[in-house]
Amino acid sequence: MKIFHTADWHLGKLVQGVSMVADQQHILQQFIEEIRTEKPDVIIIAGDLYDRSVPPTDAIQLLNTTLQQILIEEKTPIIAIAGNHDSATRLNFGSELMKASGLHISGNLDKVIEPVVLQDAYGDVHFYLVPFAEPSTVRAIFEDETITTHEAAMAKIIEQIKLTLDPTKRNIIVAHAFITKDGLPEANTSDSERKLTIGGTECINSALFEPFCYTALGHLHQAHFVANETIQYAGSPLKYSESEVNHKKGFTIVDLQENGEVILQRRPLTAIREMKIVTGMLEAILQHPRSEDYVFVKLLDESYVKGATELVRTVYPNALHIERTAVYRQMEQQTSTMSRVEMDDSELFELFYNEMTGKPLSDEAKEIYTEVLQQILDGERESQEVQ
């Protein structure tokens, strides 16, 4: 069975206030051309189809057109799940009706996860769909008060799947989560993807996925495998932040063999505009050839230059952000050796508390802050679902 594994489309994404919809349309049309050429048996979209729970109209239209081309014109089934950016309820709407056309989409987590069964020349392939869900949601579904972390939530879900899982079949799981080799915190390679929780409790041990011959993941924007090549992040098809400028974007082709082994291939996708960082003195940058690329400009000029933004945009009209690095270095020396841009909410609060009081934040205060912040994040997600 030939599978195209993609994820994190983030349709409707704004980067520094600039809509990416036209760029997303271009990249998805390339993806459809690859489907026409390669003729895969199924497409997996591992979450974050949209960038926010209430997407703009043009993003909804783009998803509608793309799915129609894949399903109706190319007659290729799609397996998709909701990510942490999606509205689970919206994606789940009409899902039972759409199965007849080959769209198997799971927005809301169910207590009983029945596999989507597809066939190839060697028999059945079972796909288990695990949409993103907060630990509190999983705790309520399974009535298990011990579930307080994302790892505990995923362990419970997989435990339930294993009750009916047929080990003689080729089993694939599709999930949207932060998986690491040992379940220990690791750096996220993209600052365009928000944290799922506070304090490292979002990390999930890759060992939980041993029962599956392939694990198709979404959430992290850089394509990579975890622990071994059967546990794969497809990555996002476009660059969405300064931290992603060195990512190689595309999708993963999975050739599932009769014995359950997989042969993997990365297929690149080419954006209309490259996204990159441009560093230098303003005078030198103004000598660059004109470029339509998305750029983050870091000016090395020590002194203030009037109209620098307008001047830069005569060469780079799609410049997303322009900063004077000398000024930022000076600010960092005055405050902290760590860039505030790189700090998470907890670290910023600790720095703020220290600057306001002149004292370090106590462990007890850290616990209270973390608990309150997590409640706020959970409440925001719940209110988005209600909308």
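If you count the sequence shown from 1, position 28 lands on 27 in numbering that gives the first Met the number 0, and the numbers rise without skipping.
Backbone N, C-alpha and C fix where the C-beta goes; we use that ideal spot for every residue, glycine too.
Since the model is a prediction, treat every value here as computed from it, not as a measurement.
Starting from the C-beta of I271, find all residues in its chain whose C-beta is less than 6 Å away, skip the five residues before and the five after it, and write them out in chain order. D22, H25
Does the beta-carbon distance from A226 to I203 come in below 7 Å? no
Host alpha helix (DSSP H) of N258 (start-end): Counting along the chain, N258 falls outside any alpha helix (DSSP H), and DSSP gives it neither H nor E.
Cutoff 6 Å; reference Q264; Cβ partners in own chain excluding five residues on either side: I252
With three or more beta-carbon pairs closer than 8 Å as the criterion, would you say the region 49-64 touches the region 96-114? no
8 Å contact criterion, which A307 and A45 should meet: CB distance rounded: 41 Å between Cβ atoms; not a contact.
Closest residue to I178 among T167, E209, T163, I160 (Cα-Cα distance): E209
Distance check for H320 and I276, CA to CA, integer angstroms please. 10 Å
Express the C-alpha separation of S205 and G217 in angstroms, rounding to a whole number. 14 Å
Per DSSP, what kind of secondary structure is R272 in: helix, strand or coil? coil
For I2, report the span of its beta strand (DSSP E) as first-last. 1-5
Neighbourhood of K155 by C-beta distance below 7 Å, restricted to the same chain and skipping five residues each side: V137, F141, D143, I146
Curious, which full-length beta strand (DSSP E) runs of at least 3 residues does the region 1-77 contain? 1-5, 41-45
For V173, which option in F131, G279, P166 has the closest C-alpha, if you only look at C-alpha atoms? F131
Where N227 sits in the DSSP three-state scheme: strand
Are the CB atoms of Q395 and L237 nearer to each other than 7 Å? Past the edges of the chain, shown from 0 to 386, lies residue 395, and the structure says nothing about it.
Determine the DSSP secondary structure at H218, reduced to helix, strand or coil. coil
DSSP three-state assignment for I146, whether helix, strand or coil: coil
contact_flag[the region 66-74, the region 120-129] where n(CB pairs < 8 Å) is 3 or more: no
Could you tell me which of L310, F295, M274, R266 sits nearest to Q286, measuring between CA atoms? L310
Check whether K1 and P55 have beta carbons under 7 Å apart: no
Nearest to T324 by CA position, among G182, L66, L299, E243, is which residue? L299
Name, in chain order, the residues that DSSP records as bridge partners for Y239. BP columns for Y239 are empty, so no partner.
Exposed or buried, which one is A283 when buried takes at least 16 other CB atoms within 10 Å? exposed
Under three-state DSSP, which class holds R289? coil
Quick check: the Cα distance between I104 and I367, rounded to an integer number of angstroms? 38 Å
Per DSSP, what are the beta-bridge partners of Y127 in this structure? I172
Buried versus exposed, by CB contacts within 10 Å (16 or more), Q67: exposed
By DSSP, does E209 sit in helix, in strand, or in coil? coil
Looking only at DSSP bridge pairs, what is Q118 linked to? D123
Do you know whose CA, among F295, D292, I171, L10, lies nearest T214's CA? I171
C-beta atoms of N83 and N107 nearer than 7 Å: no
Can you have a look at R35 and say buried or exposed, based on whether 16 or more other CB atoms are within 10 angstroms of its CB? exposed
Kindly indicate which three-state DSSP category P359 falls into: helix, strand or coil? coil
Helix, strand or coil for S345 per DSSP? helix
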